[in-house]
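What follows is a single structure, written as structure tokens, with notes after it.
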Ligand SMILES: [Zn+2]
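Residue numbers (our numbering): 16 to 458.
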């Protein structure tokens, strides 16, 4: 069989398996689960892979699935990923009324596409013709939400890191992977279209708590220490840093107050704030993070409040591999009628960014959806484009990577210089994980 014949056989197989592929996506959409809670999604994906005789490992990082085909030849290992988790967006008409969870980031599409790649390659008999292994991972917890729940999991020893791919790297689940790929949904107009080679910001998460002293807000405010004023000053101080952020670092700091006080007639003594500090480079985001910590500490000191800043490693900036993007582009082109957007800089963040510092990663965006991600308007607008197009384009890319002695795959792996080793990566996360305290009476 020629390479092109094999690709066509895989496309036909994906079309023939359409019901299962779209079915798993729709089942996940109807049962949205937040990160590290994806029991239903794990079970759905595991069932499909067991049904076609794959070796299946469940709950690889609290939840999640690793599936390996029964036959594979020696050569590079390509991992196809699909993220299981939903986002919280209570305003969305399909949000779970209890949790607010909804697939408004299209992760259900990723899982369906990952399953589509597997079913297509399997049914077309591709695995024994490829010089390497393809494994499939339904991965947990990409959205950085429910910090309190994840803190609890951490205390209970169930996770080390808040992000699913961070946790999987820690657990060694990517140790054998040479190339990883996934496709993320994005509103890029009707019909098949793709964005390739786009980068993303990294971020550091912050949980901040200002402790003041309660007193009667009317009768004795002079006896209190107003923690809300400390937080307000901290926010203003952060704003005063903005002129120092360089354009190329693409810094975004967006704090919110999660607790502003207890009662209106009591001077607030316990005020909580959360923030992300995003940036396009590790150095840029760490530099901005230090300035933000300083701004917060100064707010607390001004009124004599205590403050605790807990820095939590978010995700690293998303790096791209041009050769991998080009290969995907060539395979997307027949479906896209030249509707391919190249490059771009997302100020948002993805935990694929972490993996992209260690191994070559492909993270294109694909269409078939409308509305902005993480908003009430996000929906699938073209079922075939959303679910089947990324499966076909990724499957064809894998065939190219692993065809004929896996020459293309090996060339990409050989020319890739990781920006961090796994050890350096894990020590960076530990370094970022810092709790900083300032006492209100320090000055
Ligand atoms: Zn997403």
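All residues carry an ideal CB built from backbone N, CA and C; glycine is no exception.
query: When you compare each of 46, 307, 362 and 283 to residue 258 by their alpha carbons, which one comes out closest?
result: 307
* **Environment of residue 88 [buried if 16+ CB atoms lie within 10 Å]** => exposed
Does ligand 1 have even one heavy atom less than 7 angstroms from the beta-carbon of residue 120? yes
- Are residue 86 and residue 80 close, meaning C-beta to C-beta below 8 angstroms? no
Mind checking whether residue 157 and residue 366 have CB atoms under 8 angstroms apart?
-> yes
Check whether the Cβ of residue 157 lies closer than 7 angstroms to any heavy atom of ligand 1, and answer yes or no. yes
- Query: Thinking C-beta only, is residue 160 closer than 8 angstroms to residue 502?
  - Reply: Given that the chain is displayed from residue 16 to residue 458, the structure contains no residue 502 and the question cannot be resolved.
Next on the checklist: Buried or exposed, going by whether 16 or more other CB atoms sit within 10 Å of the CB of residue 279?
Outcome noted: exposed
Check your understanding: Assuming residue 60 contacts residue 39 under a Cβ cut-off of 8 angstroms, what Cβ separation, rounded to an integer in Å, is found between them?
Key -> 7 angstroms
| request: Tell me the start and end of each unbroken beta strand (DSSP E) in the segment 53 to 86 that is at least 3 residues and wholly inside, in chain order. | output: 70 to 76 and 78 to 83
For this session: Would you decide whether residue 445 is buried or exposed? Buried here means 16 or more other CB atoms lie within 10 Å of its CB.
Result: exposed
Can you give me the C-alpha to C-alpha distance between residue 65 and residue 313, rounded to a whole angstrom? 57 angstroms
* Quick one: does the C-beta of residue 123 sit closer than 7 angstroms to a heavy atom of ligand 1? -> no
Self-check item: Neighbour-count burial assignment, residue 16, 16 or more Cβ in a 10 Å radius
Solution: exposed
Residue span of the beta strand (DSSP E) that contains residue 402, given as start and end
First-last for residue 402: 398 to 417, but that is the alpha helix (DSSP H), not the beta strand (DSSP E).
(request) For my contact list, residue 36 and residue 134 are in at a C-beta cut-off of 8 angstroms; report their separation, rounded to the angstrom. (result) 6 angstroms
Within 10 angstroms of the Cβ of residue 178, are there 16 or more other Cβ atoms? Answer buried if so, exposed if not. buried
_Considering only the alpha carbon of each residue, which of 244, 205, 174 and 188 lies closest to residue 77?_
174
inquiry  = Let's see if you can read the secondary structure: which residues bound the beta strand (DSSP E) around residue 279?
reply    = Segment: none, residue 279 is in no beta strand (DSSP E) and carries neither H nor E.
(Q) Per DSSP, what are the beta-bridge partners of residue 394 in this structure? (A) 385
### Query
For the 8 angstroms Cβ check, are there 3 or more pairs between the segment 236 to 246 and the segment 188 to 199?
no
My parser needs the beta strand (DSSP E) runs of 3 or more residues fully inside the segment 158 to 211; what are they? 194 to 196 and 209 to 211
Using a C-beta cutoff of 8 angstroms, does residue 49 count as contacting chain C?
As a matter of chain content, chain C is missing from the structure shown, which is built from one protein chain.
Q | For residue 320, the three-state DSSP class (helix, strand or coil) | A | coil
message: Taking only three categories from DSSP, how would you classify residue 325?
response: strand
_Could you give the first and the last residue of the continuous alpha helix (DSSP H) run that contains residue 341?_
337 to 351
Looking at the structure shown, is residue 244 part of a helix, part of a strand, or coil, going by DSSP? helix
With DSSP as the reference, please indicate the residues paired to residue 293 in a beta bridge.
218 and 267
Quiz item: Can you tell me the Cα-Cα spacing of residue 167 and residue 224, whole angstroms?
Solution: 18 angstroms
For this session: Specify, as a first and last residue, the run of the beta strand (DSSP E) that residue 152 falls within.
Result: 148 to 154
*List the whole-angstrom C-beta distance separating residue 333 from residue 371, where the pair is believed to meet the contact cut-off of C-beta under 8 angstroms.*
6 angstroms
- Query: Name the DSSP bridge partner or partners of residue 92?
  - Reply: 148
*Return the residue from the list 110, 97, 68 and 235 that minimises the CA-CA distance to residue 378.*
97
Between which two residues does the alpha helix (DSSP H) harbouring residue 374 extend? Segment: none, residue 374 is in no alpha helix (DSSP H) and carries neither H nor E.
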